[in-house]
């Protein structure tokens with residue numbers, strides 16, 4: 234499930250959507266810091282074109298199974314191909330940050 238603002242627009246798209254009232258989505262940021270756990274090796278950022286067809290655990294498993302033998306760019310390409318096979322109907326973007 235992708236969170237929506239006013240049941241109209243996905244949160245990620247609401248950041249620069251001028252059709253949404255500026256008082257509904259203020260231009261203020263929240264910064265939250267987390268302590269890194271030793272078991273965390275990477276952070277995955279992806280848009281709803283990915284999350285519509287594959288869940289968090291599936292993405293984490295997919296990346297974990299490939300991380301030792303591939304470079305990140307290749308893993309991302311393979312993940313995008315997998316989402317196409319799963320028939321995603323939206324645009325896709327993925328960033329994997331190695332910690």
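Residue numbers (this note's numbering): 234 to 332.
Positions of the beta carbon are idealized from the N, C-alpha and C atoms, including for glycine.
field: Nearest-angstrom Cα separation, counted from residue 310 out to residue 286
entry: Taking the first residue of the chain shown as 1, we reach residue 286 at position 53. Taking the first residue of the chain shown as 1, we reach residue 310 at position 77. Using only the alpha carbons, I get a separation of about 16 Å.
Cβ-based burial, residue 307 [other Cβ within 10 Å; buried from 16]: In the chain shown, counting from the first residue as 1, residue 307 sits at position 74. Answer is exposed; the Cβ neighbour count stays below 16.
task: Express the C-alpha separation of residue 274 and residue 331 in angstroms, rounding to a whole number.
output: If you number the chain shown from 1, residue 331 lands on position 98. If you number the chain shown from 1, residue 274 lands on position 41. Each residue's alpha carbon lies about 6 Å from the other.
message: So, with DSSP's three-state summary, where would you put residue 292?
response: For the purposes of this step, residue 292 is identified with residue 59 of the chain shown, where counting begins at 1. Three-state DSSP puts residue 292 in a helix.
message: Which same chain residues end up closer than 7 Å to residue 325 when comparing Cβ atoms and leaving out the 5 residues on each side of it in sequence?
response: Position 92 of the chain shown, counted from the start, is the residue given in the question as residue 325. In chain order, 280, 282, 283, 313, 316 place their CB closer than 7 Å to the CB of residue 325, counting only its own chain and leaving out the 5 sequence neighbours on each side.
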